[in-house]
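Notes follow the structure.
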Amino acid sequence: MRRVAKCLSTMKRFGYMVLTVLMLICMETNKVKAQVEPLFPPDNEVVFILFWGCAVQALHEIAAELGKKDWNFNENPCNNKSSWFTPPPPPNIPPAINNSTVTCNCSFPSGECHIDGIYLTGQDLDGVLPRSLVKLPHIKTILLYLNYLKGTIPHEWAALKLEILVISMNRLSGPIPGYLGQITTLKYLSLENNLFSGTIPPELGKLVNLENLILNANFLTGEFPLALAKLSNLKELRISSNNFTGKIPNIFQSWKQLEKLEIQASGFEGPIPSSLSVLHNLTELRISDLPGEGSKFPNLQNMKNMYRLMLRSCNISGPIPDYIWEFSQMQILDLSFNKLEGNILDSGNPKTQYMYLTSNSLTGRIPEWLNARDSR
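Under mature numbering (1 follows the signal peptide of the UniProt record, and there is no 0), residues -34 to -1, 1 to 342 are what the sequence shown spells out, in order.
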């Protein structure tokens, strides 16, 4: 906040200079209009120029902290040109991993433009997460994945009104800071593939608007905080490849909007909680490598839109429920390395592309619908 106040103080001193220049310009208005197209909308021009000067200064500082060296500060970042913008791919072509884009929101009633997004992915940035982002009060989206950024998440970010924060696939370390819970506007948070350690802070339970929480592939430990049961808008939770302890928390009844759940090689012990059955909107369920207490096959009967189901090495015993073979959307089914018994249903979904039933105790003949699938 001190930095922002310093910027505003500088703006006031600079304002008198700008006003003088504008008065000189106004003396030859017609000549100027004929020769120069204004870069920004004229409404509240003095105030806008002052604030824009602070924004450009903030971008200078952000570039220095990130290690970003190819932004061209002789161009307007909001004009979608060269170093400030990566053109989207043609139709039907997947987006490039490498992206260097700054986006602006120019829909303010006064005609002002404010930076609302920074997308720097696959840029080989080797700096730190920039504290100076706090000087861009209108920013909502930060994508900085697939770089070499180190350090941790700055405390200053707690004052931002972010909606999307993706800082995956970097070298960030230390504990996940509890002050992230102050960014209550967050809808999407991805910290996967870093070096974060320690426990998940219970303060993340304050992110009541959060829809996607992705913490895969870190070094997180401890038990899963029950405070995260407050995330009633959650649609995606991925916490695989960590070192958690204890059992999978039996709090799924709080996440009835959940569509994707991934708990693979997480460190948790079984059994799979019975409350999983309330997640009727699940389309993707992946749980694996659960030591400890076993269980019967979980009740998934109402998950009609399931297209990817992995319950691998979860110490599940008994028969495979008949309804599993009838899920019409199923594309991938992996039930390998369990203690499953019995037969495979004589009828099923031939559209399933990948099926893994290795290392179980299934018996009986292979149904015709499976043979027909394999002969395609």
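The beta-carbon is built from N, C-alpha and C at its ideal position, and this holds for glycine as well.
Residue pairing by DSSP puts S327 in a beta bridge opposite E307. Going by beta carbons, E122 and L86 fall outside the 9 Å limit. Contact between the region 183 to 203 and the region 158 to 173 is established, with three or more Cβ pairs separated by less than 8 Å. The distance from the Cβ of P264 to that of I238 is about 5 Å, consistent with a contact at the 8 Å cut-off. In the structure shown, I105 adopts coil according to DSSP, grouped into three states.
Cβ-Cβ distances below 6 Å link Y111 to T87, V132, S134 and M135 in the same chain, with the five nearest sequence neighbours on each side left out; the list follows chain order. Less than 9 Å separates the beta-carbon of D300 from that of Y320. No Cβ-Cβ contact shorter than 9 Å links E202 with L173. In terms of Cα proximity to P191, the closest of N199, S206 and I214 is I214. By the C-beta density criterion, A62 is exposed, having fewer than 16 other C-beta atoms within 10 angstroms. If you ignore the 5 residues before and after S49, its C-beta comes within less than 6 Å of the C-beta of D36, W37 and N38, all in its own chain and listed in chain order. For the pair K116 and G33, the Cα-to-Cα distance works out to about 11 Å. For I180, the closest of L95, Y154 and K317 by C-alpha to C-alpha distance is Y154.
N58 counts as exposed, since fewer than 16 other C-beta atoms from the protein chains shown sit within 10 angstroms of its C-beta. As DSSP reads the structure, F190 sits in no beta bridge. The C-beta distance from G140 to P167 rounds to 12 Å, too long to fall under 8 Å, and the pair is not in contact. Looking at the backbone, the Cα of S66 and that of N159 are separated by about 21 Å.
In the DSSP secondary-structure assignment, R204 is bridged to I180 and E228.
With distances taken between CA atoms, D92 lies nearest to E31 out of L176, N178 and E31.
Residue environment: G236 is assigned as buried (16 or more neighbouring CB atoms within 10 Å of its CB, all protein chains considered).
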